[in-house]
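There are 2 protein chains.
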Amino acid sequence: MSVVSKERVSPGLKNKKGDNFSEWYNELVIAAGLADFAPIAGCMSIKPYGYSIWESIQFYFDKKIKETGHVNAYFPMFIPESLLKKEAEHFSGFVPEVAMIDKKGESGERYALRPTSETIICDSYSKWIRSWRDLPVKINQWCNIVRWETKATRLFLRTREFLWQECHTAHRTHKEAEQEAFWALNAYKDLMENQLAIAVMVGEKTKKERFAGALKTFTLESLMPDGKALQMGTSHDMGQNFSRPFKISFIDRDEKEKYVWQTSWGITTRLIGAIIMVHGDDKGLVMPPRIAPLQIVVIPIPFENEKKKIMSHTKKVTEKLNEDFMVKLDDRKGYSPGYKFNDWEMRGIPIRIEIGPREVKEKSVLIARRDNGEKKAVPMKAMKKTIEKTLEMMHKDMLKRSREDMKNRIKDAKNFTELEDAIRKKQMARIGWCGDSVCEDKIQEGTAATIRLIPLRKESVPSKCAVCNKKAKHVVYISRQY
Amino acid sequence: MSVVSKERVSPGLKNKKGDNFSEWYNELVIAAGLADFAPIAGCMSIKPYGYSIWESIQFYFDKKIKETGHVNAYFPMFIPESLLKKEAEHFSGFVPEVAMIDKKGESGERYALRPTSETIICDSYSKWIRSWRDLPVKINQWCNIVRWETKATRLFLRTREFLWQECHTAHRTHKEAEQEAFWALNAYKDLMENQLAIAVMVGEKTKKERFAGALKTFTLESLMPDGKALQMGTSHDMGQNFSRPFKISFIDRDEKEKYVWQTSWGITTRLIGAIIMVHGDDKGLVMPPRIAPLQIVVIPIPFENEKKKIMSHTKKVTEKLNEDFMVKLDDRKGYSPGYKFNDWEMRGIPIRIEIGPREVKEKSVLIARRDNGEKKAVPMKAMKKTIEKTLEMMHKDMLKRSREDMKNRIKDAKNFTELEDAIRKKQMARIGWCGDSVCEDKIQEGTAATIRLIPLRKESVPSKCAVCNKKAKHVVYISRQY
Chain A
-19 MSVVSKERVS PGLKNKKGDN FSEWYNELVI AAGLADFAPI AGCMSIKPYG YSIWESIQFY
41 FDKKIKETGH VNAYFPMFIP ESLLKKEAEH FSGFVPEVAM IDKKGESGER YALRPTSETI
101 ICDSYSKWIR SWRDLPVKIN QWCNIVRWET KATRLFLRTR EFLWQECHTA HRTHKEAEQE
161 AFWALNAYKD LMENQLAIAV MVGEKTKKER FAGALKTFTL ESLMPDGKAL QMGTSHDMGQ
221 NFSRPFKISF IDRDEKEKYV WQTSWGITTR LIGAIIMVHG DDKGLVMPPR IAPLQIVVIP
281 IPFENEKKKI MSHTKKVTEK LNEDFMVKLD DRKGYSPGYK FNDWEMRGIP IRIEIGPREV
341 KEKSVLIARR DNGEKKAVPM KAMKKTIEKT LEMMHKDMLK RSREDMKNRI KDAKNFTELE
401 DAIRKKQMAR IGWCGDSVCE DKIQEGTAAT IRLIPLRKES VPSKCAVCNK KAKHVVYISR
461 QY
Chain B
-19 MSVVSKERVS PGLKNKKGDN FSEWYNELVI AAGLADFAPI AGCMSIKPYG YSIWESIQFY
41 FDKKIKETGH VNAYFPMFIP ESLLKKEAEH FSGFVPEVAM IDKKGESGER YALRPTSETI
101 ICDSYSKWIR SWRDLPVKIN QWCNIVRWET KATRLFLRTR EFLWQECHTA HRTHKEAEQE
161 AFWALNAYKD LMENQLAIAV MVGEKTKKER FAGALKTFTL ESLMPDGKAL QMGTSHDMGQ
221 NFSRPFKISF IDRDEKEKYV WQTSWGITTR LIGAIIMVHG DDKGLVMPPR IAPLQIVVIP
281 IPFENEKKKI MSHTKKVTEK LNEDFMVKLD DRKGYSPGYK FNDWEMRGIP IRIEIGPREV
341 KEKSVLIARR DNGEKKAVPM KAMKKTIEKT LEMMHKDMLK RSREDMKNRI KDAKNFTELE
401 DAIRKKQMAR IGWCGDSVCE DKIQEGTAAT IRLIPLRKES VPSKCAVCNK KAKHVVYISR
461 QY
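Listed in order, the protein sequences are those of chains A and B.
Positions -19 to 462 (the working numbering) are the ones given, in order, by the first sequence.
Positions -19 to 462 (the working numbering) are the ones given, in order, by the second sequence.
Following this line, the structure appears as structure tokens:
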């Protein structure tokens, strides 16, 4: 973490999370050394500390997908325009955001930068898959993606280039593909809740909000403190919508030629934005402990005549901690302990350990928790256990707060007035919906909010549509969104 | 490795390594499932098995650079044309290969796809570095690179998009930067020889062959079986050639403003091409054991009346091996053992374990080494130790063969005729060189070969330049190149 420790950190944030959320977010990203604006409109440079959070997410999730038989590969970033056009809905869904390059194929074909890789991967699958023995194919890639956004861009949340993971699978039967799409959805939920400590709702997108070309799109949404939902990840049941135009067929056990059934699913560096928004506070970032690239910072509090003793105790403690945790000793000279406290609080390191004369005398350490500031003196013998417990408790408390915060801001709305009211109050509205896209459009026109999802879990459906008052088919959740 | 095991493999290679090397290489890449041609001229798709080799290299090298204080980050793929132009030599060096996109900045600025990231990273460093306390900065990124090659492309060896690692460092003093450039050079040599089992020569590039904008370029070159040298990696001492135009300055301890000293160094997916060319044989790939994503394949040889016993012994053996090695049990039905042998030989798995009636009876396994075909019956008790030894021996033998092969094909050439003769015979010529670029140009015009390097280790310098017969300044190595 050498680069991280050397960067200077602003002494505090000018903006408050509760006062001006948007400015607070922008200030925090820069102040905590997570990312920086790039000299390309709408692009960012992910700085080492920000990137180490992405690496932490990758490490956890890559292991998980490999354990379940998924493998990584790498497909070209360039997509011939003719391939993009093969699935009509897909093409029209991405056209406005596609960047093309000035080099062309021999036949004059134009090349796009991948806005997603379904088409280039389907083209390969059509060559690679021949028999039911070749199935399932479950190939993932970690790569950069380009979508030339016209909306206002935001560091981590919406940039014209971002990093992601996209997995593309092909199966013998639709049932198998559905199971895969749900597997991914659950794996994402586990990542978000059990690693990032962010509560998510899981559901299906309406036809209007669906991924371009998908049969069904499943989504994980979290509600940010400003009342906007953030789409945290999606998993698509593609049906045969791509396998037919791309001719990905196989000879099945019964010797008949059939088209494969496909899924695709992805998460992006936007998850780092979610961590910042959900957990951050007026002192800076608060890293969820299970995914924190750095769990503990040790800060000696030197007193004139006991400097040596304190440094020796500090080194002993750090060595011991290094056996079990990711630890940084901040022994920089010329910086006050107070400065260092602010510095590491800004970066959201879950636990700070302070060591002064008292800790030397009592052979103990002082443990401070980043999220609630709680301090505890702990004898060295009990240090490991106490830290483990503290990290676990911190994770649970953070997830609990996220859950409660989301729950508290979901409001049942029986009619359009109540719906408008909820959106105005930065809440998420829960309404009955007839299923008609006319009502869906009215919601967006009237409130600038959208149907985020139709929940997957069974919920009681209100009797009437909050827009048209006809019989409701679904219960849906509505809010503004990132 | 689920996808890998399911792909069908051609029963053998039509081309022989010794007969038609180039066709043999192309055939092997496809047959072993390493990569495939993409529907974009000059681009490839890296298939799961090929990508797993890259992941193996990443895993080893990423750990090594992190242990020495380097950190990862991610900079935009887009580079404003004005930044590219800031260092004149750099710009003119890359212009012919640069692809631009059709989206522009507000002021009409054009954006290039990174052919390398010096310029975009220097732009950030000029903002991030202020004081000697901020130094050194040692940031690496793993990413894709675009160079729109006009020469014939080859899978892994030259494609218009490829993957690499590029590290960019900034230092207080030139001495420190030089040390960093050499550290990288040695780290690469360790990777290539001690992991990939490929012998390399280490040296400096002539001014003509230098990286565009560098003060000095150090290179690692290996000699391929067709007599062409492959540049395996480079490390550049940038001096202040970038820090001056990009204004990357800092206030030093003496309170004076100074420009930083920089290095950059990189290796690419081309290393996979080197593994194929150096180690591959007429049966397919031979993976160097230390970097092999899969070390052992276990194949049961079922006999009619002992199938059950054989499968049970096979499972026991596989479980035991799984504790210490990366193992794959090939229990596919409907494929003969002979087919499976060919299949895994094509992919170059270092060790094959066969289990038939005899192994069941004797509680043993039959171990076959991929590189030389040696077979050995080993009691289960001695299995782990024998495999460890076999893998180590295999690595050493492979490196030794690579060293000897390179050594045997280096020829001293005293004059131009001997030089031409060596190049014609697919050898690498070692000559005295006056240091004049006129002679360097004559070599290239006359033989299509180039000076690959001026060796770093001390070597006796021939008295005269093999081209002009004047006094020689350096001893240099010359060959054709990839």
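Where is the CB? At the ideal position from N, CA and C, for every residue including glycine.
Source: prediction; values computed, not measured.
For residue i, collect the residues of the same chain with a Cβ closer than 6 angstroms to its Cβ; drop the 5 residues on either side in sequence, then sort them by chain order.
i, result
"residue 356(B)", "347"
"residue 65(B)", "71"
"residue 54(A)", "121"
"residue 69(A)", "192 and 193"
Can you pull the chain A residues whose beta carbon is under 9 angstroms from the beta carbon of residue i, in chain order?
i, result
"residue 81(B)", "79, 80, 81, 82, 93, 126 and 128"
Taking C-beta pairs closer than 7 angstroms, name the residues in chain B that residue i reaches, listed in chain order.
i, result
"residue 103(A)", "19"
"residue 27(A)", "53"
"residue 35(A)", "52"
Of the residues the options, which one's Cα is nearest the Cα of residue i?
i, options, result
"residue 376(B)", "177(B), 312(B), 189(B) and 448(B)", "177(B)"
"residue 306(B)", "282(B), 138(B), 269(B) and 323(B)", "269(B)"
"residue 226(A)", "67(A), 344(A) and 158(A)", "67(A)"
"residue 142(B)", "199(B), 319(B) and 22(B)", "22(B)"
"residue 407(B)", "322(B), 392(B), 137(B) and 421(B)", "392(B)"
"residue 60(A)", "18(B), 291(B) and 259(B)", "18(B)"
"residue 273(A)", "30(A), 12(A), -5(A) and 219(A)", "30(A)"
"residue 214(A)", "203(A), 416(A), 161(A) and 15(A)", "161(A)"
"residue 46(A)", "117(A), 180(A) and 3(A)", "117(A)"
"residue 418(A)", "409(A), 437(A) and 449(A)", "449(A)"
"residue 41(A)", "8(A), 230(A), 438(A) and 174(A)", "174(A)"
"residue 233(B)", "114(B), 182(B), 383(B) and 415(B)", "114(B)"
"residue 399(A)", "379(A), 426(A) and 416(A)", "426(A)"
Leaving aside the five residues before and after residue i along the sequence, list all residues of the same chain whose C-beta is less than 7 angstroms from its C-beta, in chain order.
i, result
"residue 251(A)", "37, 176 and 212"
"residue 80(B)", "90, 91 and 92"
"residue -17(A)", "Low local confidence applies: a pLDDT of 43 at residue -17(A) is under 50, so the model's placement there is unreliable, with the coordinate-based value given in what follows. So the qualifying residues of the chain are 28."
"residue 298(B)", "278, 307 and 309"
"residue 222(B)", "67, 98, 102, 193 and 242"
Within this structure, are the beta carbons of residue i and residue j separated by less than 9 angstroms?
i, j, result
"residue 35(B)", "residue 52(A)", "yes"
"residue 326(B)", "residue 265(B)", "yes"
"residue 276(B)", "residue 333(B)", "yes"
"residue 206(A)", "residue 1(A)", "yes"
"residue 147(A)", "residue 119(A)", "yes"
"residue 330(B)", "residue 374(B)", "yes"
"residue 459(A)", "residue 208(A)", "yes"
"residue 188(B)", "residue 431(B)", "yes"
"residue 489(A)", "residue 455(A)", "The structure shown has nothing for residue 489(A), since chain A only spans -19 to 462."
"residue 135(A)", "residue 260(A)", "no"
"residue 256(A)", "residue 168(A)", "no"
"residue 179(B)", "residue 73(B)", "no"
"residue 112(A)", "residue 152(A)", "yes"
In or out: residue i buried (at least 16 other Cβ within 10 Å) or exposed?
i, result
"residue 170(A)", "exposed"
"residue 126(A)", "buried"
"residue 304(A)", "exposed"
"residue 159(A)", "exposed"
"residue 359(A)", "exposed"
Taking 9 angstroms as the CB-CB limit, is residue i close to chain C?
i, result
"residue 329(B)", "The chain inventory of the structure shown lacks chain C, comprising the protein chains A and B."
Please list, in chain order, the chain A residues whose beta carbon lies closer than 8 angstroms to that of residue i.
i, result
"residue 60(B)", "19 and 20"
"residue 326(B)", "Within 8 angstroms Cβ-Cβ: nothing; residue 326(B) doesn't reach chain A, min ~16 angstroms."
"residue 57(B)", "124, 126 and 141"
Less than 8 angstroms between C-beta atoms, sequence neighbours within five positions excluded: which residues of the same chain meet that for residue i?
i, result
"residue 224(B)", "239"
"residue 85(A)", "60 and 91"
"residue -15(A)", "Any reading at residue -15(A) must be qualified, since the residue scores a pLDDT of 45, below 50, and its modelled position is unreliable; the value itself is stated next. The residues are 308, 310 and 312."
"residue 137(B)", "210, 250, 253 and 462"
What residues from chain B crowd round residue i, counting only those whose CB sits closer than 8 angstroms?
i, result
"residue 16(A)", "104, 107 and 108"
Under 7 angstroms Cβ-Cβ, which residues of chain A neighbour residue i?
i, result
"residue 31(B)", "52, 53 and 54"
"residue 63(B)", "19"
Output, in chain order, the set of chain B residues within a Cβ distance shorter than 9 angstroms of residue i.
i, result
"residue 85(A)", "19, 20 and 21"
"residue 143(A)", "54"
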